[in-house]
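Numbering (this note's numbering), first residue to last: 681 to 753. Quick reminder that beta carbons are idealized off the backbone N, C-alpha and C, glycines included. Here the structure is a predicted model, which means the values were calculated and not measured. Below: one structure, written as structure tokens.
Right, here's the structure in full:
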């Protein structure tokens with residue numbers, strides 16, 4: 681998986697899915713190693729990209745919650 685800014689346009693969820701697949705292939709069901717792998721991949725990204733991905737993920741979560749709240753009413 682590329683850790684360069686060229687991955688712009690890719691969501692955090694897509695990156696985590698790809699990193700998870702890598703980790704499961706490498707570590708099987710060893711969840712501490714899988715979690716460490718995903719964390720290390722994220723931390724290896726440039727700070728600007730990490731902040732952008734986190735902001736986009738937070739926006740998506742907020743929009744999902746607003747949508748769910750609207751459906752309840």
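**6 Å CB neighbourhood of residue 737 in its chain, flanking five on each side removed** = Locating residue 737 in the chain shown gives position 57, counting from the first residue. Within the same chain, residue 737 has close Cβ partners 692.
**Prompt:** Any idea what DSSP makes of residue 691, helix, strand or coil?
**Reply:** The count along the chain shown starts at 1 and reaches residue 691 at position 11. In the structure shown, residue 691 sits in coil (DSSP, three-state: anything other than H, G, I, E or B).
**Touch test, the stretch 711-730 against the stretch 739-746, Cβ-Cβ under 8 Å, three pairs minimum** = A contact is defined here as three or more CB-CB pairs under 8 Å, and the stretch 711-730 fails this definition with respect to the stretch 739-746.
**Asked** Just curious, the alpha helix (DSSP H) that residue 749 is in, first and last residue?
**Response** Here the question's residue 749 lines up with position 69 in the chain shown. Start and end: 727-752.
**Message:** Using only the alpha-carbon positions, how far apart do residue 698 and residue 730 sit?
**Reply:** Walking along the chain shown from the start, residue 698 turns up at place 18. Walking along the chain shown from the start, residue 730 turns up at place 50. So the two alpha carbons sit approximately 16 Å from each other.
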